[in-house]
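Those protein sequence lines, which keep their order, are chains A and B.
Counted the way numbering that gives the first Met the number 0 counts, the first sequence spans residues 0 to 214.
Counted the way numbering that gives the first Met the number 0 counts, the second sequence spans residues 0 to 214.
2 protein chains.
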Amino acid sequence: MPTITAFENSPDRGRGQARDMRVRWALEEAAQPYDVRLVSFTAMKQAAHRALHPFGQIPTYEDGDLTLFESGAIVLHIAERHEGLLPEDANARARAIAWMFAALNTVEPPIVELSMAVLLERDKSWYAERLPGLQERVRIRLGELSRHISEANWLDGAFSAGDIMMVTVLRRLNTSGLLEEFPDIAAYVARGEARPAFRRAFEAQLAVFTAASRS
Amino acid sequence: MPTITAFENSPDRGRGQARDMRVRWALEEAAQPYDVRLVSFTAMKQAAHRALHPFGQIPTYEDGDLTLFESGAIVLHIAERHEGLLPEDANARARAIAWMFAALNTVEPPIVELSMAVLLERDKSWYAERLPGLQERVRIRLGELSRHISEANWLDGAFSAGDIMMVTVLRRLNTSGLLEEFPDIAAYVARGEARPAFRRAFEAQLAVFTAASRS
């Protein structure tokens, strides 16, 4: 059984925005059991964890001789080995993988940059002047994605690992108010969140936060 | 023969920092000939190109029935179909793919954010105050990568598609002065640039810029 790592104390207070959520969701879609090892912020930056993850982050994935890091790589690894996360047709499979990269390299960076500004620059003199530009860069991506999705259920035909990455990336905007400006995208995220595998993964990460709050 | 797209007028003036460089390099390593279709900034945002790339960017990749976007996905597609870009051993192969994602999702975002600030915020009142923090976030990643590479030639054993992505991401720092602070990383980038396949790819994209400048 694989072991993944997750935050001992998730900074999102159980809202499922940490990157272990992507891996949990993929494992649930593939009906694969897994163990979780919780890591503190201190331990995450120490040598033992860095041996698994050179950049000192979560999640990692250990299965027998294999150790992996990067949520995209872990989800792709799971998707390649189990049914239901990548199409059988070679071209459709390549396109699903393209959507994984698009989620991580084209859609996520401006979302993270906006989140970082909200988190770290709220008290800076320039915050009010910078914020609209950051929001606009996210809006451009959401507009493009909205035109692509339109009335489709998923990014490219059947649900795939590309949707896991895209939905979890978009969920980082949950409290930004921006998703509501794009009803097609809000509906797409809701479709992802309604999947039983998503629910199970979400409850599992929430249970970690709830237990930590009690102790 | 596949056709890729590239900027008609590269904003980097032929320094090989646009994302088509990654795809050219991978195709050269795999000894695969390819065609290039040049796209203007206007055409890139129009319907015909958006049918290939929903986010209106370059590169795209067309080969028979298949159309792909996202440099990471294109390089992975090439690497899966030709020798020399991914290890044969399944675990080593998964780790090489993890490095592709690490380059694009962990190392590139703070580098792009720094570049964007230098490009777009140089005349803002807050530029001098924000810059050190942006540089420090890049330095943290470079420090972690430097500890990982140390005296190794490549990221994980033999040269792979992971190195193509990482070297091209790091080259975006060429004029920042930051690479020079990490001699292990500067040497790693230089090793990548010294590969004959890199040189051929670089000359090919430079020829586009040179021809455009003459016309």
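We put the CB at the ideal spot given by N, CA and C, even for glycine.
Here the structure is a predicted model, which means the values were calculated and not measured.
Taking 7 Å as the CB-CB limit, is residue i close to chain B?
i	result
P216/A	For chain A, the structure presents residues 0 to 214; residue 216/A sits outside this window and is missing.
T105/A	yes
I3/A	no
E180/A	no
N90/A	yes
A97/A	yes
H76/A	yes
W153/A	no
F197/A	no
H147/A	yes
A101/A	yes
Taking residue i as the reference, which of the options has the closest Cα?
i	options	result
A77/A	T209/A, S145/A, I163/A, A17/A	The sequence shown places Ile at residue 77/A, not Ala. With distances taken between Cα atoms, I77/A lies closest to I163/A.
A25/B	S145/B, A206/B, A211/B, G191/B	G191/B
P108/B	H48/B, L177/B, V137/B	V137/B
G83/B	E69/B, I148/B, N90/B, A196/B	A196/B
A193/A	V207/A, T174/A, F158/A	F158/A
E135/A	N152/A, V106/A, L154/A, G156/A	V106/A
Y60/B	L118/B, T167/B, P1/B	P1/B
A178/B	Q31/B, M43/B, I110/B, Q56/B	Correcting the residue type first, residue 178/B is Leu in the shown sequence and not Ala. Comparing Cα-Cα distances from L178/B to each of Q31/B, M43/B, I110/B, Q56/B, the minimum goes to I110/B.
K44/B	M165/B, D155/B, F6/B	F6/B
Over the uninterrupted alpha helix (DSSP H) stretch that includes residue i, give me the two end residues.
i	result
L119/B	107-119
L130/A	126-148
T66/A	Per DSSP, T66/A belongs to no alpha helix (DSSP H); it is in the beta strand (DSSP E), 65-68.
R12/A	Counting along the chain, R12/A falls outside any alpha helix (DSSP H), and DSSP gives it neither H nor E.
G161/A	160-169
N90/B	89-101
A46/B	46-49
A30/A	Taken as a continuous stretch (DSSP letters only), A30/A belongs to no alpha helix (DSSP H), as it is neither H nor E.
D122/B	D122/B -> no alpha helix (DSSP H), and no H or E assigned at all.
S212/A	195-213
D183/B	182-192
If you draw a straight line from the C-alpha of residue i to the C-alpha of residue j, how long is it?
i	j	result
I183/A	E150/A	The residue asked about is misnamed: residue 183/A is Asp in this sequence, not Ile. Their Cα atoms are separated by approximately 7 Å.
H81/A	V188/A	23 Å
V201/B	E79/B	Inspection of the sequence shows that residue 201/B is occupied by Phe rather than by Val. The straight-line gap from Cα to Cα measures roughly 23 Å.
A95/B	R12/B	31 Å
R36/A	A47/A	13 Å
A29/A	V22/A	11 Å
L75/A	N104/B	14 Å
R213/B	R14/B	17 Å
R129/B	N173/B	20 Å
Q16/A	V166/A	11 Å
E180/A	T209/B	44 Å
Say whether chain A places a C-beta atom closer than 7 Å to the C-beta of residue i.
i	result
W221/B	The first residue shown for chain B is 0 and the last is 214, placing residue 221/B beyond what the model contains.
I163/B	no
D183/B	no
A93/B	yes
E112/B	yes
E143/B	yes
F54/B	yes
G71/B	yes
D64/B	yes
F208/B	no
L67/B	yes
Do the CB positions of residue i and residue j come within less than 7 Å of each other?
i	j	result
F54/A	A72/B	no
G161/B	W98/B	yes
P58/A	D34/A	no
N8/B	A211/B	yes
A93/B	L51/A	no
R102/A	V38/A	It is Ala, not Arg, that sits at residue 102/A in the sequence shown. Not a contact, by the Cβ cut-off of 7 Å.
E27/A	R171/A	no
L144/A	L113/A	no
L65/A	N90/B	yes
W125/B	W125/A	yes
Would you kindly report the start and end of the unbroken beta strand (DSSP E) that includes residue i?
i	result
R36/B	34-38
E61/A	59-62
A5/A	2-6
Quick one: is the Cβ of residue i within less than 6 Å of any heavy atom of the ligand ATP?
i	result
D155/A	No copy of the ligand ATP appears in this structure; indeed no ligand is present at all.
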